[in-house]
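In the working numbering, the protein residues as written are 6 to 125. To start, the structure itself, in structure tokens.
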């Protein structure tokens with residue numbers, strides 16, 4: 006007796022069921038726009054601020070770049086504070102107030118870093 010499964014269907018071993026590909030959804034109700042929440046737009050704004058801030062840092066304007074980055078993180082904190090969890094999109098990671106506190110502390114730390122470091 007062999008321990009390998011049979012290669013062809015037999016009455017004891019029926020053929021495996023092959024899943025058919027799902028038909029394309031063309032109903033306008035099923036079409037999703039991106040981003041689908043207000044928090045998604047806030048998230049894109051924060052991402053833009055982060056890219057601009059890091060670009061400024063890369064071009065030698067580190068103080069202004071860190072301030073822009075802090076403003077973006079502060080906007081994320083404000084957005085998370087005012088939006089419901091359902092509308093927050095990717096801003097919602099943990100509980101609302103934990104997210105708000107962590108983002109606000111990060112924005113504050115970046116701001117303090119930018120304005121207190123001597124030089125330039």
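We put the beta carbon where it would ideally sit given N, CA and C, even for glycine. Only a predicted model underlies this, so the values are computations on that prediction, with no experimental measurement involved.
In the three-state DSSP reduction, residue 52 falls in the helix class (H, G or I). By the C-beta criterion, the stretch 85 to 95 is judged not to be in contact with the stretch 61 to 70, since fewer than 3 inter-stretch pairs fall below 8 Å. For residue 82, the enclosing alpha helix (DSSP H) has its first and last residue at 67 to 87. Residue range 101 to 121 is occupied by the alpha helix (DSSP H) that includes residue 101. Within the same chain, Cβ atoms closer than 6 Å to the Cβ of residue 119 are found at 68, 71 and 72, the five residues on either side in sequence being excluded.
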